[in-house]
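Q: Take 440 as the starting number for the sequence shown in the numbering used here and just add one per residue.
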Amino acid sequence: MSAGEPARESAAGTAARMLPGKPVAEAVLADLGPRIEALATAGHTPGLGTILVGDDSASAGYIRMKQEKAAELGLTSPHLHLGQDATQADVLAAVAEMNEARDVDAVLIQHPTPPQIDFDAALLALDPDKDVDGLHPVNMGRLALGMPGPVPCTPAGIEALLAHYEIPIAGREVCILGRGTTLGRPLALLLSQKRPTANAAVTVVHTGVPNWADYTRRAEVVIAAAGVPGILQPEHLTPGVTVVGGGVRYEGRKLLPDVDEACEQVAGAITPRIGGVGPTTIAMLFRNAVEAAERRRAA
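#1: In the structure shown, what three-state DSSP assignment does V644 receive?
#2: If you drop the 5 nearest sequence neighbours on each side, which residues of the same chain put their C-beta closer than 8 Å to that of L521?
#3: Determine contact between the region 704–712 and the region 666–685, defined as no fewer than three beta-carbon pairs at a distance below 8 Å.
#4: Return the bridge partner residues of D570 from the DSSP annotation.
#5: Between which residues of its own chain and L724 is the CB-CB distance below 6 Å, once the five residues before and five after are set aside?
#6: Using only CA atoms, which one of K461, G666 and R656 lies nearest to C614?
#7: Helix, strand or coil for V463? Go by DSSP, reduced to three states.
#8: In this structure, what does DSSP give as the bridge partners for E539?
#9: Using a Cβ-Cβ cutoff of less than 6 Å, which residues in the same chain neighbour G669 once the five nearest sequence positions on both sides are dropped?
#10: How many Å lie between A728 and V546 at the Cα?
#11: How should E703 be labelled, buried or exposed, when 16 other C-beta atoms within 10 angstroms of its C-beta is the threshold for buried?
#12: State the DSSP-derived secondary structure class of A731, mapped to helix, strand or coil.
#13: Using 8 Å for Cβ pairs, my map puts P458 next to G715. What's the rounded Cβ distance?
#14: At which residues does the alpha helix (DSSP H) containing K633 begin and terminate?
#15: Sort E690, G573, G619 and V644 by Cα distance to I721 and report the nearest one.
#16: Below 8 Å on the Cβ atoms is my guess for V687 versus P673; work out the distance and round it to an integer in Å.
#17: Looking at C-alpha atoms only, which residue of R474, A664, Q555 and I548 is the closest neighbour of L563?
#18: For the alpha helix (DSSP H) that contains A499, what are its first and last residues?
#19: For the alpha helix (DSSP H) containing A663, name the first residue and the last one.
#20: So, is M579 buried or exposed, given that buried needs 16 or more other C-beta atoms within 10 angstroms?
#21: Helix, strand or coil, according to DSSP, for E612 in the structure here?
#22: Once the 5 residues before and after D568 are set aside, which same chain residues still bring their CB inside 6 Å of it?
#23: Assign L487 to one of two classes, buried (16 or more other C-beta atoms within 10 Å of its C-beta) or exposed (fewer than that).
#24: For V644, verify whether its CB is less than 8 Å away from any heavy atom of the ligand NAD.
#25: So the beta strand (DSSP E) V577 belongs to, where does it begin and stop?
#26: Is the number of C-beta pairs between the region 596–611 and the region 648–666 that are closer than 8 Å three or more?
#27: What's the C-alpha gap between V425 and P607?
#28: Which same chain residues end up closer than 8 Å to Q632 when comparing Cβ atoms and leaving out the 5 residues on each side of it in sequence?
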């Protein structure tokens with residue numbers, strides 16, 4: 440158990456183990472350090488390009504945070520900022536510029552975009568090998584086929600978190616509540632692959648399944664990925680289960696997680712309300728960027 444993360448008494452009769460994401464992210468970023476240095480020594484400084492459309496303050500803050508982390512790690516961070524009135528043609532031109540940029544290995548198109556912008560069309564125009572989020576259809580196909588390529592960041596972060604805390608996954612029942620394309624669906628593909636930190640019996644349920652709680656109560660690991668605040672309650676769980684909160688929704692700046700805090704009273708291990716999957720998602724974004732640079736260097 441990490442220092443500063445007290446256990447909480449659970450209905451299972453033992454202390455619920457907290458699973459913060461920060462130590463996991465730190466381990467991932469520490470592993471990237473020597474790889475970034477090796478690339479720089481070989482004359483290839485990794486570059487994470489970002490595209491921001493509009494003037495949303497939260498989105499601008501996320502970009503600044505990623506630029507600061509890039510500088511801290513030794514990556515460059517070329518940036519294109521388009522105005523609130525940008526057209527679809529403007530966005531596609533920015534994507535094309537990033538695709539061609541020799542100093543850019545990976546690209547992030549910040550979401551959400553203004554209503555006149557078709558984000559999916561912008562994503563489709565992005566070079567799949569530079570897709571740092573791993574959400575391009577080509578990369579989703581690579582994931583489904585077990586081929587190398589950038590993996591969606593939050594699913595990859597969840598796998599890393601479970602592995603870091605030595606939560607057994609192989610051969611166990613994992614239930615994912617949510618089928619979204621950014622989390623639930625790719626996570627199911629990832630955790631069912633034949634790998635020591637995966638190889639699970641994965642069930643995906645969602646709000647279209649009236650008896651979804653029958654599945655979560657049966658599982659040994661439950662991952663909430665629905666984006667429905669408080670959907671997962673203690674009565675939906677078996678005592679001692681491992682619970683990972685991946686789905687969130689924002690009300691203004693207020694974070695509304697899928698997992699009700701009372702689930703701590705039942706779980707054997709659980710991610711905290713704040714600081715769980717978030718830090719690991721960011722770490723995986725930088726891992727994707729570095730791996731993209733390594734692939735380009737080796738080509």
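Cβ coordinates follow ideal geometry from the N, Cα and C atoms, glycine included. Source: prediction; values computed, not measured.
A: In this structure, then:
#1: strand
#2: I490, L491, V492, G493, D529, V530 and A533
#3: yes
#4: V546
#5: V571 and C592
#6: R656
#7: helix
#8: In the DSSP output, where bridge partners are listed per residue, E539 has none listed.
#9: D699
#10: 8 Å
#11: buried
#12: helix
#13: Going by the sequence as given, residue 458 is Leu instead of Pro. Confirmed, Cβ separation roughly 7 Å.
#14: Neither: K633 is in no alpha helix (DSSP H) and is coded neither H nor E.
#15: G573
#16: Going by Cβ atoms, the distance from V687 to P673 rounds to 19 Å, so no, they are not a contact pair.
#17: I548
#18: S496 to L512
#19: Taken as a continuous stretch (DSSP letters only), A663 belongs to no alpha helix (DSSP H), being part of the beta strand (DSSP E) at V660 to A663.
#20: buried
#21: strand
#22: none
#23: buried
#24: Among the components of this structure there are no ligands whatsoever, and the ligand NAD is therefore not found.
#25: Segment P576 to L584 is the alpha helix (DSSP H) holding V577; no beta strand (DSSP E) there.
#26: yes
#27: Because the chain in this structure spans residues 440 to 738, residue 425 falls outside the shown range and cannot be described.
#28: G585 and N638
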